[in-house]
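The structure appears below as structure tokens.
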Amino acid sequence: MQTIALSYRGAQTQVPAAWLRLHCPCEECALIDIGERRVLVAGPSDWDLASVEQGQENTVVTWRSGHVSTYPADFVQLMQRKANRRRWEPQLWDTSHVVAEVRHDDLMSDAEVRRRALLDYRAHGLLVVRGVPTSGVPTEDFFDALRIPIWEGPFGLRSIDTRVQAVAYNVAETAEALPPHTDLAGYEWPPSGQMLHLLVNDTTGGESIAVDGWQALHSLRTDEPEMFDVLVDVPVAHRLFSENRETFARAPLVRLDTEGAVSGFRFSNQTIQPLPLDEPRLAEWHLAYAELTRRLLDPQQAVSFKLEEGDAYLTHAHRVLHGRTAFATGGDRCIRDVYFEFDNVLALVDQLTGELF
32 MQTIALSYRG AQTQVPAAWL RLHCPCEECA LIDIGERRVL VAGPSDWDLA SVEQGQENTV
92 VTWRSGHVST YPADFVQLMQ RKANRRRWEP QLWDTSHVVA EVRHDDLMSD AEVRRRALLD
152 YRAHGLLVVR GVPTSGVPTE DFFDALRIPI WEGPFGLRSI DTRVQAVAYN VAETAEALPP
212 HTDLAGYEWP PSGQMLHLLV NDTTGGESIA VDGWQALHSL RTDEPEMFDV LVDVPVAHRL
272 FSENRETFAR APLVRLDTEG AVSGFRFSNQ TIQPLPLDEP RLAEWHLAYA ELTRRLLDPQ
332 QAVSFKLEEG DAYLTHAHRV LHGRTAFATG GDRCIRDVYF EFDNVLALVD QLTGELF
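The working numbering puts the sequence shown at residues 32 to 388.
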């Protein structure tokens with residue numbers, strides 16, 4: 032492939048012509064203000080060179096197609112910043128972690144408070160918000176103020192109010208202790224963000240519990256790498272259903288990104304389905320699942336906190352497991368679940384911190 036020598040970090044670097052043609056910065060090839068591409072490069076005829084004129088300020092390339100591209104002297108450096116942009120670094124935690132808390136009114140009114148709170152939420156996947164309104168449409172107002180769209184599910188619902196029911200749809204509709212889990216594992220792509228908002232609480236008990244699933248996976252990967260690999264490779268089904276509702280999905284418990292880092296985790300022992308008996312790694316998977324469960328249930332991995340009426344907490348739902356202790360059944364208790372995509376939190380943090388290119 033043809034190349035052109037361009038300046039990068041004080042030296043001449045051979046840059047492939049195809050790379051340059053695809054990223055031509057002219058208005059004909061790109062929407063300059065928003066950085067989106069117009070040009071579609073379909074093959075070698077699009078990046079065949081006719082001439083190259085190099086100067087101190089820029090390099091002008093004429094292509095065989097007749098198109099002319101002008102590349103500023105700092106073009107390669109700018110494009111490499113974009114190419115090497117990396118995801119935020121999660122900070123793993125255990126029971127010693129001090130959960131970040133913020134007052135709702137401060138979060139809404141003070142941009143610096145909002146920036147710090149969301150940075151902590153991004154890093155740890157957990158944030159407690161005290162004093163969220165309980166009247167009117169508080170969840171819609173909360174997310175509208177932060178410009179985070181609500182995930183309309185499951186079954187088209189923007190929020191789910193959970194109370195004890197005589198005939199429970201799932202264990203959350205009982206007063207029993209709820210072990211750490213992630214929600215909606217029966218979806219191919221469960222929502223990656225969740226808010227749990229305590230609207231009414233006339234009971235005792237029901238303390239909230241959270242566990243950093245990525246920390247548990249990190250320890251498993253370090254101590255038992257073969258077990259970790261089994262959980263990455265073997266798909267397992269989850270199902271949540273009732274007489275008029277159905278969700279079902281089959282996927283591995285652990286998802287990795289292109290660099291091998293954990294990027295997603297689902298864990299719902301309540302809704303897990305049996306593996307087929309002809310699964311080649313059936314025994315290995317069960318051993319790995321049991322070991323992971325042991326680590327997730329270790330009290331040294333959990334944090335706990337008490338919500339009062341109006342309080343809420345947000346989780347990165349592809350990372351942090353939530354649960355609760357049992358509570359008394361003598362009074363009313365209602366907690367509202369709202370789901371969203373954590374990507375929208377990441378985008379908001381980038382805007383608030385200026386981490387844009």
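Note that CB positions come from ideal geometry on N, CA and C, so glycine has one too. All of these numbers come straight from a predicted model, not from anything done at the bench.
- Ala319 is a Cβ neighbour of Met258, given a cutoff of 9 Å.
- Annotation for His228: the continuous beta strand (DSSP E) segment containing it runs Gly224 to Asn232.
- Just so you know, the alpha carbons of Leu306 and Val267 end up roughly 6 Å apart.
- According to the DSSP assignment, Val263 belongs to the alpha helix (DSSP H) that extends over Pro256 to Asp264.
- Around the Cβ of Ser140, a 10 Å sphere holds fewer than 16 other Cβ atoms; the residue is exposed.
- For Pro47, the three-state secondary structure derived from DSSP is strand.
- Between the C-alpha atoms of Ile366 and Asn375 there is a straight-line separation of about 23 Å.
- The three-state reading of DSSP puts Tyr218 in coil, since its state is none of H, G, I, E or B.
- In the three-state scheme derived from DSSP, where H, G and I count as helix and E and B as strand, Arg367 is classed as strand.
- Here Asp381 carries a helix assignment [DSSP, helix/strand/coil].
- For Met110, the closest of Glu339, Trp78, Gly66 and Leu352 by C-alpha to C-alpha distance is Gly66.
- Taken in chain order, the unbroken stretches of alpha helix (DSSP H) that lie wholly in the stretch 247 to 322 and span 4 residues or more are 256 to 264.
- When C-beta atoms of the stretch 147 to 160 are compared with those of the stretch 114 to 126, three or more pairs fall below 8 Å, so the two segments count as touching.
- For the options His98, Val263 and Leu338, the alpha carbon positioned closest to that of Gly291 is the one of Val263.
- With fewer than 16 other Cβ atoms from the protein chains shown falling within 10 Å of its own Cβ, Ile63 counts as exposed.
- According to the DSSP secondary-structure assignment, Trp94 is paired through a beta bridge with Leu80.
- In the DSSP assignment, Leu149 falls within the unbroken alpha helix (DSSP H) covering Ala142 to His155.
- Secondary structure of Arg355 (DSSP, three-state): strand.
- Cα atoms of Val70 and Ala282: separation of roughly 36 Å, rounded to the nearest angstrom.
- Per the C-alpha coordinates, the member of Val46, Pro256, Phe279 and Ala42 positioned closest to Glu219 is Phe279.
- In this chain, the alpha helix (DSSP H) harbouring Asp175 covers Pro169 to Leu177.
- Judged by DSSP in its simplified three-state form, Gly244 adopts helix.
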